[in-house]
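As given, the protein sequences belong to chains A and B, one line each in that order. Reading the first sequence from the start, the letters are residues -4 to 106 in our numbering. Reading the second sequence from the start, the letters are residues 192 to 306 in our numbering. Please read the structure below before turning to the comments.
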Amino acid sequence: QKEVEQNSGPLSVPEGAIASLNCTYSDRGSQSFFWYRQYSGKSPELIMFIYSNGDKEDGRFTAQLNKASQYVSLLIRDSQPSDSATYLCAVNQGGSYIPTFGRGTSLIVHP
Amino acid sequence: DARVTQTPRHKVTEMGQEVTMRCQPILGHNTVFWYRQTMMQGLELLAYFRNRAPLDDSGMPKDRFSAEMPDATLATLKIQPSEPRDSAVYFCASGLGQGNTGELFFGEGSRLTVL
């Protein structure tokens, strides 16, 4: 069973702080990694993807990938209450286009 | 404004009834996925189509669930007979499935309640 693991949280951070969300995966052949945000009662939407080791920055979001450790993370700088949502890590196993999703981490940003 | 369209948005039915959910993927997308989301299990893959061909339905209970894609603009997920444990939100998603893209675009979901 190829697995994607996330801490369910909730992770609570104050407004303006850095939120750090983590994800580990079991399949060493995984090639593509995604972070989706899901607001309560809504559908998941893609916010970041990363394919290569290292960091990828997009505005306040930074995705970090370490294939040797089978670890991918998402940093949210200057967290805002509007960032409060569940963040889903998704991993495409091997060369497939079938994402396996973690169960998500609930993030709460309090004013 | 290209988006994945799902119907119905909400469905309440009684145990034993047939339920059909429909999805219109984004025009030009060649991969379609059906996922089921519950609090306990998270997002579970039920079925995967590429160029309308079913490639993976290993996550789907075959005795009661069926998924089809009669044409490029319509994917269906059918449950017959439905059971209370099928209560969940069912998401359809589509994607391009090319190169390393892999990103999915989700519909708004169909919330199913089986009494």
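In this text, a Cβ means the ideal position worked out from N, Cα and C, and glycines have one as well.
Residue i to residue j span [Cα, whole Å]
{"i": "Leu303 of chain B", "j": "Glu209 of chain B", "result": "12 Å"}
{"i": "Arg52 of chain A", "j": "Gly97 of chain A", "result": "What sits at residue 52 of chain A in the sequence shown is Glu, not Arg. Rounded to the nearest angstrom, the two C-alpha atoms are 22 Å apart."}
{"i": "Pro76 of chain A", "j": "Thr19 of chain A", "result": "26 Å"}
{"i": "Val203 of chain B", "j": "Met212 of chain B", "result": "12 Å"}
{"i": "Met230 of chain B", "j": "Ser47 of chain A", "result": "31 Å"}
{"i": "Glu0 of chain A", "j": "Ser91 of chain A", "result": "19 Å"}
{"i": "Asn221 of chain B", "j": "Thr196 of chain B", "result": "15 Å"}
{"i": "Gly99 of chain A", "j": "Gly207 of chain B", "result": "32 Å"}
{"i": "Asp254 of chain B", "j": "Glu40 of chain A", "result": "32 Å"}
Residue i and residue j closer than 7 Å at C-beta
{"i": "Tyr226 of chain B", "j": "Phe296 of chain B", "result": "no"}
{"i": "Ile13 of chain A", "j": "Phe28 of chain A", "result": "no"}
{"i": "Gly250 of chain B", "j": "Leu234 of chain B", "result": "no"}
{"i": "Asn17 of chain A", "j": "Ser101 of chain A", "result": "no"}
{"i": "Ile103 of chain A", "j": "Ser7 of chain A", "result": "yes"}
{"i": "Asn87 of chain A", "j": "Gln33 of chain A", "result": "no"}
{"i": "Pro216 of chain B", "j": "Ser285 of chain B", "result": "yes"}
{"i": "Ser38 of chain A", "j": "Glu299 of chain B", "result": "yes"}
{"i": "Asn70 of chain A", "j": "Ser15 of chain A", "result": "One point to set straight first is that residue 70 of chain A is Leu, not Asn, in the sequence displayed. In this structure, Ser15 of chain A lies closer than 7 Å to Leu70 of chain A by Cβ."}
{"i": "Tyr239 of chain B", "j": "Phe256 of chain B", "result": "no"}
Below-7 Å beta-carbon distance, residue i vs any chain B residue
{"i": "Pro39 of chain A", "result": "yes"}
{"i": "Ser15 of chain A", "result": "no"}
{"i": "Ser27 of chain A", "result": "yes"}
Per-residue contacts from residue i into chain A (C-beta, under 7 Å)
{"i": "Asp247 of chain B", "result": "Ile93"}
{"i": "Tyr239 of chain B", "result": "Ile93"}
Listed by chain order, chain C residues near residue i by CB distance under 8 Å
{"i": "Gly97 of chain A", "result": "As a matter of chain content, chain C is missing from the structure shown, whose protein chains are A and B."}
Amino acids of chain B, ordered along the chain, whose beta-carbon sits closer than 9 Å to that of residue i
{"i": "Leu83 of chain A", "result": "Gly233 and Leu234"}
Cβ of residue i within 7 Å of any chain A Cβ
{"i": "Gly288 of chain B", "result": "yes"}
{"i": "Thr198 of chain B", "result": "no"}
{"i": "Phe256 of chain B", "result": "no"}
{"i": "Gly219 of chain B", "result": "no"}
Chain A residues whose Cβ lies nearer than 8 Å to that of residue i
{"i": "Thr222 of chain B", "result": "Tyr92"}
Chain-ordered neighbours of residue i on chain B, where CB pairs are closer than 7 Å
{"i": "Asn87 of chain A", "result": "Gly293"}
Proximal residues of chain B, C-beta to C-beta of residue i below 8 Å
{"i": "Ser21 of chain A", "result": "Neighbours of Ser21 of chain A on chain B: none; closest Cβ ~15 Å, over 8 Å."}
{"i": "Phe56 of chain A", "result": "Ordered by position in chain B, no residue passes the 8 Å Cβ test against Phe56 of chain A, which lies about 15 Å from the chain."}
- Counting pairs of beta carbons, one from the segment 260 to 276 of chain B and one from the segment 82 to 99 of chain A, are three or more of them closer than 8 Å? no
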